[in-house]
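**Q** Residue numbering for the sequence shown is 437 to 692, as defined by the working numbering.
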Amino acid sequence: MNVLEKVNPVVRLIAVMLLTTPLLFSVDVVSAAVCLAFVVALAPLCGVGLVQLAKTAWPVFAVLPVAGLSMALYGKRGGHEYFSFFYAHVTDNSLMLAAAIMVRMLAVSLPVIIVARTLDSTRLGDGLAQVLHFPARFVIGAVSAVRMVGLFRRDWQALGRARRSRGLANDGRIFRAFTMVFALLVLALRRADKLATAMDARGFGAPGKRTWARPSTVGMSDVAAVCVAIAVAAISIAVAVVTGSYDFLNLGSSSA
């Protein structure tokens, strides 16, 4: 089940912005935790299971300890001090900031991952051109570039197999990565040149108004998605304000 199938890709991005932007103005655990709870609960309805979401978000989980530790050691002083060494210190406030930063990172990144997993680049291009009225040349170029990402992965795998078949796989990871990145860059430039020439030959750069094969419209499902995003953000902020934990830009709790 995926309730986002009928939602315009452009509206999905707008909904994510409306959901996550309010969280950036408050450094507290409550608002981010409430939003994160909603995101985790709604993820299966958006076609992304919890196990699948956890596997996809592993880079975020890998960065969380680093962000939390740095904030715990160098965050704003406040409350009881547990540890101090030169510029590093661990206090009640720095620990609270560390927890808030880690939860907020999850609350902001997971919605982006959920939307990105089910986002079709072609439909997104149609929406950018027809709904937001972006320049057609820019949209077509961007969609073509996104489609090339999948080819880069296959090129990287092909380069690795070619090096192994020639006995060049034991040159060291750093040297091997450098040579493969350079080779991939050459392939990308050649492919981009051929693609640009082909697009110009087919009239993609011609002046005048362009027609689109697939219409992109906004309907009630799009309105519902935006309303849900606004509601989740509003509830998260409201709960933080009611509990007195809302901290606008870390200037002090609303209860102060």
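We put the beta carbon where it would ideally sit given N, CA and C, even for glycine. All values derive from a computational prediction rather than experimental measurement.
1) Where does alanine 692 sit, in a helix, a strand or coil, going by DSSP?
2) For leucine 542 versus glycine 511, is the C-beta spacing smaller than 8 Å?
3) Could you check what DSSP says for valine 526 in three-state terms: helix, strand or coil?
4) Assign alanine 692 to buried or exposed, taking buried as 16 or more other Cβ atoms, counted over all protein chains shown, within 10 Å of its Cβ.
5) Using the C-alpha atoms, what's the distance from leucine 459 back to leucine 500?
6) Can you tell me whether glycine 515 is buried or exposed, with buried defined as 16 or more other CB within 10 angstroms of its CB?
7) Quick one: residues in its chain with C-beta nearer than 8 Å to the C-beta of valine 452, no 5 flanking neighbours on either side, listed in chain order?
8) Helix, strand or coil for serine 462? Go by DSSP, reduced to three states.
9) Identify which residue in Val470, Trp592 and Gly644 has its Cα closest to the Cα of tyrosine 682.
10) Identify whether aspartate 636 lies in helix, strand or coil by the three-state DSSP scheme.
11) Relative to the C-alpha of leucine 472, which residue among Ala578, Gly603, Thr456 and Val677 is closest?
12) Does DSSP put serine 418 in a helix, a strand or coil?
13) Measuring only the C-alpha atoms, how far is alanine 676 from glutamine 488?
14) Quick check on aspartate 528: buried or exposed, where buried means 16 or more other Cβ atoms within 10 Å of its Cβ?
15) According to DSSP, simplified to helix, strand and coil, what is serine 557?
16) To the nearest angstrom, how far is it from the Cα of methionine 507 to the Cα of tyrosine 523?
**A** The structure says:
1) Because the pLDDT of alanine 692 is 40, which lies under 50, any placement of that residue in the model is unreliable, and the number read from its coordinates should be weighed accordingly. The answer is coil: DSSP assigns alanine 692 none of H, G, I, E or B.
2) Not closer than 8 Å, so no.
3) It is a strand residue.
4) Bear in mind that the predicted position of alanine 692 carries a pLDDT of just 40, short of 50, making it unreliable; the figure below should be weighed with that in mind. Note on alanine 692: under 16 other CB atoms within 10 angstroms of its CB, so exposed under the neighbour-count rule.
5) Straight-line Cα distance between these residues: approximately 17 Å.
6) Exposed.
7) Residues of the same chain with a CB within less than 8 Å of the CB of valine 452, apart from the 5 flanking positions on each side, are Pro547, Val548, Val551 and Ala665 in chain order.
8) Here serine 462 sits in strand by DSSP.
9) With respect to the C-alpha of tyrosine 682, the residue from Val470, Trp592 and Gly644 having the closest C-alpha is Val470.
10) If DSSP states are grouped into helix, strand and coil, aspartate 636 belongs with the helices.
11) Of the listed residues, the one whose Cα sits closest to leucine 472 is Thr456.
12) This structure does not reach residue 418, given that the chain is present from 437 up to 692, and the question cannot be answered.
13) If I take the Cα positions, the gap works out to 29 Å.
14) It counts as exposed.
15) DSSP places serine 557 in helix when its eight states are reduced to three.
16) So the two alpha carbons sit approximately 12 Å from each other.
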